[in-house]
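Numbering (my numbering), first residue to last: 251 to 561.
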């Protein structure tokens, strides 16, 4: 049997999360303008790579808006479990875009390493770049907070993407400042290479999480601990469990389990206990679709199918 979910933020209301994608789009446009201006002022390849990454941020933000809109659609006849997995496509694209940005930065840095060029108007360029970095940092924190609160991998991915931009900018700003102080022109592309290597890890992490989500990865360990705690309370009432299976589809959690009850219980009593158990699981997880399968605990064939499922 199954009970309707009681979500922290209902799927139908998740369309409200698109406002964060619009915020990300606005931030990307603003930083593209600022960083391009900083590059034109200084001629720094580091600042150019920073501006390129902001263009990638804009593409990622538009993708996030699109996927959040799809994920907010309610279940229909063709998608009875909803559309929440669309968020994994967004985070996957974000991961790829981060890797593309890292490659572009590395390529530009190598070209400048081979043919170093002097920088101009460093002071003004750095001020403009710092302003762009502040915008990205603030927006990233807002998106990460909302992503964790509403369990949205799309917002978390966009936030991480913006933070890679922030770290890129920090590295570039330091490099440009040191070039101005020391006159060592190759320091600019060297730092850009180091930064590109650092953000590759973020891209790989996002891709891995996206693939795991599409492959129906089990719920995190903390969620399983919460489930086990609820089951422990019901075992004290003479109930046992097996064949526990869990999976996560972006904001939605799914839990199925076989519930073994004393054979002398009435169907009415067993049903009410199952309903209470499902309610307690949803309370423990915050948002979940829970399904239980009732079996008599004394019947030996109740365990015959255990080898088909994860315990």
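Ideal Cβ placement from N, Cα and C applies to all residues, glycine included.
Here the structure is a predicted model, which means the values were calculated and not measured.
Local conformation of residue i per DSSP, three classes
i: residue 494; result: strand
i: residue 545; result: strand
i: residue 259; result: Since pLDDT at residue 259 reaches only 47, below the 50 mark, its modelled position is unreliable, and no value is offered.
i: residue 468; result: coil
i: residue 290; result: helix
i: residue 502; result: strand
i: residue 489; result: coil
i: residue 509; result: strand
i: residue 552; result: helix
i: residue 413; result: helix
Contact under 8 Å by Cβ, residue i with residue j
i: residue 569; j: residue 410; result: The structure shown has nothing for residue 569, since the chain only spans 251 to 561.
i: residue 532; j: residue 523; result: no
i: residue 402; j: residue 494; result: no
i: residue 440; j: residue 363; result: yes
Residue nearest to residue i in terms of C-alpha spacing, selected from the options
i: residue 314; options: 329, 269, 522 and 449; result: 269
i: residue 517; options: 543, 355 and 294; result: 543
i: residue 498; options: 460, 514 and 545; result: 460
i: residue 446; options: 312, 515, 475 and 360; result: 360
i: residue 435; options: 293, 357 and 545; result: 293
i: residue 471; options: 496, 491 and 396; result: 496
i: residue 550; options: 526, 511, 529 and 525; result: 511
i: residue 413; options: 425, 450 and 475; result: 450
Presumed contact (8 Å Cβ cut-off) between residue i and residue j, rounded CB distance
i: residue 277; j: residue 386; result: 6 Å
i: residue 274; j: residue 408; result: 5 Å
*Could you tell me whether the stretch 301-309 touches the stretch 344-355, where touching means 3 or more Cβ pairs closer than 8 Å?*
yes
*Assess, as a yes-or-no matter, whether the stretch 331-346 is touched by the stretch 462-476 under the definition of 3 or more beta carbon pairs within less than 8 Å.*
yes
*asked:* Quick test of the definition: if touching needs 3 or more C-beta pairs under 8 Å, does the stretch 285-294 touch the stretch 387-395?
replied: no
*asked:* When you compare the stretch 411-431 with the stretch 321-335, are there three or more beta-carbon pairs, one atom per stretch, that lie closer than 8 Å?
replied: no
*asked:* For the stretch 374-389 against the stretch 445-454, do three or more pairs of beta-carbon atoms, one drawn from each stretch, fall closer than 8 Å, so that the two count as touching?
replied: no
_Under 8 Å: do the stretch 530-546 and the stretch 498-509 share three or more Cβ pairs, one atom per stretch?_
yes
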